[in-house]
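A short write-up of the structure that comes next.
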Amino acid sequence: MNIWVVMLLGGLLTFGMRLSFIYLFGRFEIPESIRRALRFVPPAVLSAIILPQLFMPSGYLDFSLANHRWLAGFVAVMVAGRTKNTLLTILAGMVALLILQLVF
Amino acid sequence: MDQKKRSFWAGVRAEFPLLIGVFPFGLIYGTLALKSGLSPVAAQMMSSIVFAGSSQFIAAQLIHDVAPGIVIVLTIAIINLRHMLYSASIAPYFKDLSPRWKGLLAYLLTDEAYAATIIHFEQEGLTSTSHLFFLGAGFSLWFTWQISSALGILLGTAIPANWPLDFALPLTFIAMVMPVLTDQPIIASAFSAGLVALLAYNLPFKLGLILAALVGISIGMLLERRK
Chain Y
210 MNIWVVMLLG GLLTFGMRLS FIYLFGRFEI PESIRRALRF VPPAVLSAII LPQLFMPSGY
270 LDFSLANHRW LAGFVAVMVA GRTKNTLLTI LAGMVALLIL QLVF
Chain G
17 MDQKKRSFWA GVRAEFPLLI GVFPFGLIYG TLALKSGLSP VAAQMMSSIV FAGSSQFIAA
77 QLIHDVAPGI VIVLTIAIIN LRHMLYSASI APYFKDLSPR WKGLLAYLLT DEAYAATIIH
137 FEQEGLTSTS HLFFLGAGFS LWFTWQISSA LGILLGTAIP ANWPLDFALP LTFIAMVMPV
197 LTDQPIIASA FSAGLVALLA YNLPFKLGLI LAALVGISIG MLLERRK
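What follows is the structure in structure tokens.
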């Protein structure tokens, strides 16, 4: 699929969801089960993207110390947990990766 | 200054603290979108066509991984499902507007615009200028997002190609996910999704990602119901 089609469809779906209840006001309510499911969506999707990036940088599972990405990712997790600061987390992870690549 | 202008600028002021947080986020998006293989024009257009930060980062990651278009579209949709909640929550304050106003404000309904306005609406109730307050908040965020994306794209062209900058994407996601891991069901949901993503990584069409998200969401809901 062409990248422009992907963006257009993604944008239309996003706009449709934003408009949904504003447009339908009074005619329809969100079911309780969906309301509860929604808060799990971001952490589930993000984790599903993060873990393969850290543990499968070459396409196969690699838990060894030669895989610098999960080590640097671990540093980022610690910094994120402590500071809740996006920029600091990215900086710490990048610096950790660069140091690991330089030293080993 | 009349009430309409006052309301608009009050919306801008309410949004302002969030703009400071969004600006570096847009810079990072612009830089990374370019490194993922998007053209500068496409990277910038995504900021106005999709206009939803986290889904743009994820789309950039999937484009970098050469995922099929349909998987990227589905993933954007899943990530942005939460906007239906905002839509439902804010709908009573927009009920008397024309379809054109509803469309415009829906386009501007982001996490940050919602967060900055809903508390104000709940305190003040519905007034004749509520929509202008929202327009001020939503438009200032839109403007900031466009400018910061553009600067990020400019910055991206200046950074050497061999830097491992692609790693900044998972790092950004780590920074997004860590603060929300606050209770047991949500931690279990994140872990199980991550585990399934590893095990199902080699499924065709990146379907492992969607499978992992569905398993994670189900496990989170099951654990929550048991409590």
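For the protein sequence lines, the chains are Y and G, in the order given. Under the numbering used here, the residues of the first sequence are numbered 210 to 313, in order. Under the numbering used here, the residues of the second sequence are numbered 17 to 243, in order. For glycine and all other residues, C-beta sits at the position ideal for the given N, C-alpha and C.
Query raised in the report: Around the Cβ of Q310(Y), are there at least 16 other Cβ atoms within 10 angstroms (buried) or fewer (exposed)?
Result: Q310(Y) is classed as exposed because its beta carbon has fewer than 16 other beta carbons within 10 Å across all chains shown.
**Report entry** CA nearest to the CA of F183(G), picked from N211(Y), V304(Y), V312(Y)
**Finding:** V304(Y)
Requested in this report: Provide the residue span of the alpha helix (DSSP H) that contains W25(G), from first to last.
Outcome: 19 to 51
Query raised in the report: With 8 angstroms set as the bound, which would you pick, yes or no: does the beta-carbon of L225(G) sit closer than that to a beta-carbon of chain Y?
Result: yes
Query - Three-pair Cβ contact test at 8 angstroms for the stretch 149 to 165 of chain G versus the stretch 276 to 290 of chain Y - result: Taking a cut-off of 8 angstroms on C-beta distances, the stretch 149 to 165 of chain G does not touch the stretch 276 to 290 of chain Y, as fewer than three cross pairs fall below it.
Query raised in the report: Which same chain residues, not among the five before or five after M265(Y), have their C-beta less than 8 angstroms away from its C-beta?
Result: D271
Query - Straight-line gap, K111(G) to V28(G) (C-alpha atoms, nearest Å) - result: 22 angstroms
Query raised in the report: If you drop the 5 nearest sequence neighbours on each side, which residues of the same chain put their C-beta closer than 8 angstroms to that of T160(G)?
Result: Apart from sequence neighbours up to five positions away, the residues of its chain that approach T160(G) with a beta-carbon distance below 8 angstroms are L35, V38, F39, G42, ordered along the chain.
Query raised in the report: Does the ligand FAD have even one heavy atom less than 7 angstroms from the beta-carbon of D81(G)?
Result: Annotation note on the ligand FAD: not contained in the displayed structure, which lists no ligands.
Query raised in the report: How is the alpha helix (DSSP H) around Y102(G) delimited, first residue to last?
Result: 98 to 106
Query raised in the report: Residues in the stretch 121 to 136 of chain G with C-beta within 9 angstroms of chain Y's C-beta atoms, listed in sequence order?
Result: L121, A122, Y123, L124, L125, T126
Query raised in the report: Per DSSP, what kind of secondary structure is T143(G) in: helix, strand or coil?
Result: coil
Query raised in the report: L314(Y) versus chain G: which residues are under 7 angstroms apart at the beta carbon?
Result: Within the shown structure, residues of chain Y are numbered from 210 to 313, placing residue 314(Y) beyond reach of any answer.
**Report entry** C-alpha gap between E238(Y) and A104(G), whole angstroms
**Finding:** 8 angstroms
Query raised in the report: Would a C-beta distance cut-off of 8 angstroms place A216(G) and A206(G) closer than the cut-off?
Result: no
Report task. Output yes if chain Y places a C-beta closer than 8 angstroms to the C-beta of K243(G); else output no. Result -> no
Report task. My understanding is that V250(Y) touches I94(G), with C-beta atoms under 8 angstroms, so please give their C-beta distance in whole angstroms. Result -> 6 angstroms
Query raised in the report: Mind pulling the alpha helix (DSSP H) runs of 4 or more residues that sit fully within the stretch 123 to 200 of chain G?
Result: 127 to 140, 146 to 174, 184 to 193
Requested in this report: Consult DSSP for K266(G) and reduce its assignment to one of helix, strand or coil.
Outcome: Because chain G here runs from 17 to 243, residue 266(G) falls outside it and cannot be looked at.
Query raised in the report: Taking 8 angstroms as the CB-CB cut-off, is L151(G) touching chain Y?
Result: no
Report task. Could you tell me which of L50(G), G53(G), M194(G) sits nearest to V288(Y), measuring between CA atoms? Result -> The residue from L50(G), G53(G), M194(G) with its alpha-carbon nearest to that of V288(Y) is M194(G).
Query raised in the report: Going by other Cβ atoms of all chains shown within 10 Å of its Cβ, with 16 needed for buried, is P176(G) buried or exposed?
Result: exposed
Requested in this report: To the nearest angstrom, report how far apart L187(G) and G69(G) are at their CA atoms.
Outcome: 15 angstroms
Requested in this report: Check each residue of the stretch 251 to 267 of chain Y: if its Cβ is closer than 8 angstroms to any Cβ of chain G, include it; give the result in chain order.
Outcome: The residues in question are P251, P252, A253, V254, L255, S256, A257, I258, I259, L260, P261, Q262, L263, F264, M265.
**Report entry** Residues within the stretch 68 to 94 of chain G neighbouring chain Y, beta-carbon criterion of under 8 angstroms
**Finding:** A68, S70, S71, I74, A75, Q77, I79, P84, G85, I86, I88, V89, T91, I92, A93, I94
Query raised in the report: Cα-Cα, which of Q60(G), V212(G), S52(G), Q200(G) is closest to P261(Y)?
Result: V212(G)
Query raised in the report: When we look at the beta-carbon of G241(Y) and count the other beta-carbons within 10 Å, is it buried (16 or more) or exposed?
Result: The question names Gly, but residue 241(Y) in the sequence shown is Glu. Its Cβ having fewer than 16 others within 10 Å, E241(Y) is exposed.
Query - Three-state secondary structure (DSSP) of S267(Y) - result: coil
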